[in-house]
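**Student:**
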Amino acid sequence: MSDSIVIQQPALQAQQLMVLHHGEGGSARHMEPLGRRLAAHFPHAFIVSVQAPYRYDGATPQPADAEVRGQWFPTQDIDDDQRATRVAQAVPAFVHNLRYWQTQSGVGSDATAIFGFAQGATMALEAAQVEPALAARIIVLSSRYAQLPSSAPEKTTLHFIHGKADPVIHYGHCVSAAERLVGLGGDLTADVIPFLAHDVTDEVMDLVLERLTGHIPKHQWEEVQKAAAQQQAASPPPTP
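Under our numbering, the first residue of the sequence shown is numbered 1, with each subsequent residue one higher.
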């Protein structure tokens, strides 16, 4: 997985895996600031920023040592139907890459968090439709589904963060996705930030950390409630 950047690799067995995916025209280096923030708060996590496999359509000729700008799927002459098709074609390689890092880190899906910005998050969202148990959390920054989902992953929490001033991907995509997922019984948070454009700012990184540390996944709540109900049913009635 050349050109990917391992930001943190614990000396002992990692307890979590955090895999970061940049946007169209970006590179693994663009997600490093977020990765560094995560490393400071999660010292036992294996954290890697992955380089997209395809050269960006809009890239101009650069010196051999210049930073390579990448994309997860081609966007030249794209419309909504073509987007869905191209993303679907790219999903198997995306999933394979994630499984590679799970193997490298020794961390399973239940302790994996996928972070994506723009195109990178679209890939994560669509991959989770194909493999619902891909990760425990998916953090979606300034992005959208290629197609609105027909089902919600049962044990994956989705965190959407979008700028209301985003000129690239309208925040309405975030709202529509949240409404659809709520209707499907999904576990999610959705934050629209006023005046934020298409960027991963300090404010966004603060909110990412808040959502990761402050939100208890829905399926965990349900398991606790079920166990409590079973315990109550098994307990003898109080003596009058």
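Positions of the beta carbon are idealized from the N, C-alpha and C atoms, including for glycine.
Which word fits residue 61, buried or exposed, when buried means at least 16 other C-beta atoms lie within 10 angstroms of its C-beta?
**Tutor:** Note that residue 61 has pLDDT 44, beneath the 50 cutoff, so the model's placement of it is unreliable and no number is given.
**Student:** Can you give me the start and stop residues for the alpha helix (DSSP H) that residue 25 sits inside?
**Tutor:** No alpha helix (DSSP H) contains residue 25, which DSSP labels as neither H nor E.
**Student:** Using 8 Å as the cut-off, can you tell me whether the region 123 to 138 makes contact with the region 155 to 163, which would need three or more C-beta pairs spanning the two stretches below that distance?
**Tutor:** Output reads yes: the region 155 to 163 touches the region 123 to 138.
**Student:** Out of 91, 161, 89, which has the shortest C-alpha to C-alpha gap to residue 194?
**Tutor:** Minimum Cα distance to residue 194 is reached at 161.
**Student:** Using DSSP's beta-bridge definition, name the partner residues of residue 201.
**Tutor:** In DSSP, residue 201 forms no bridge with anything.
**Student:** Grouping DSSP H, G and I as helix and E and B as strand, with all else coil, what is residue 66?
**Tutor:** Residue confidence is low: residue 66 scores 49 on pLDDT, short of 50, so the model does not pin down where it sits. Its coordinate-derived value is still stated next. DSSP places residue 66 in coil when its eight states are reduced to three.
**Student:** In this structure, how does DSSP classify residue 19 when only helix, strand and coil are distinguished?
**Tutor:** If DSSP states are grouped into helix, strand and coil, residue 19 belongs with the strands.
**Student:** Going along the chain, which residues of its own chain have a beta-carbon closer than 6 Å to the beta-carbon of residue 137, five neighbours each way excluded?
**Tutor:** So the list reads 113, 157, once near-sequence residues are dropped.
**Student:** Unbroken alpha helix (DSSP H) runs of length 4 or more, entirely within the region 107 to 187: which are they?
**Tutor:** Entirely contained in the region 107 to 187, the alpha helix (DSSP H) runs reaching 4 residues are, in chain order, 119 to 130, 172 to 183.
**Student:** Tell me whether residue 206 sits in a helix, a strand or coil according to DSSP, three-state version.
**Tutor:** It is helical.
**Student:** So what's residue 42 in DSSP terms, helix, strand or just coil?
**Tutor:** It is coil, neither helix nor strand.
**Student:** Would you decide whether residue 166 is buried or exposed? Buried here means 16 or more other CB atoms lie within 10 Å of its CB.
**Tutor:** Residue 166 is buried by the Cβ-count criterion.
**Student:** Residue 88 to residue 47, Cα distance in whole Å?
**Tutor:** So the two alpha carbons sit approximately 26 Å from each other.
**Student:** Quick check on this structure: which residue in 143, 11, 39, 96 has the alpha carbon closest to the alpha carbon of residue 174?
**Tutor:** Residue 174 has its Cα closest to that of 143, out of 143, 11, 39, 96.
**Student:** Out of 4, 24, 8, which has the shortest C-alpha to C-alpha gap to residue 198?
**Tutor:** It is 24 whose Cα lies nearest to the Cα of residue 198.
**Student:** Where do the ends of the beta strand (DSSP E) carrying residue 8 lie?
**Tutor:** Unbroken beta strand (DSSP E) run through residue 8: 5 to 8.
**Student:** Measure the C-alpha to C-alpha separation of residue 146 and residue 233 and round it to an integer number of angstroms.
**Tutor:** Cα to Cα, residue 146 sits roughly 45 Å from residue 233.
**Student:** Please say whether residue 71 and residue 52 have beta carbons closer to each other than 8 Å?
**Tutor:** A contact, by the Cβ cut-off of 8 Å.
**Student:** Ends of the alpha helix (DSSP H) at residue 82?
**Tutor:** Here the alpha helix (DSSP H) through residue 82 covers 80 to 105.
**Student:** Across which residues does DSSP place residue 189 in a beta bridge pair?
**Tutor:** Paired residue(s): 159.
**Student:** Between the Cα of residue 184 and the Cα atoms of 21, 151, 203, which residue gives the shortest distance?
**Tutor:** Ranking the options by Cα distance to residue 184, first place goes to 151.
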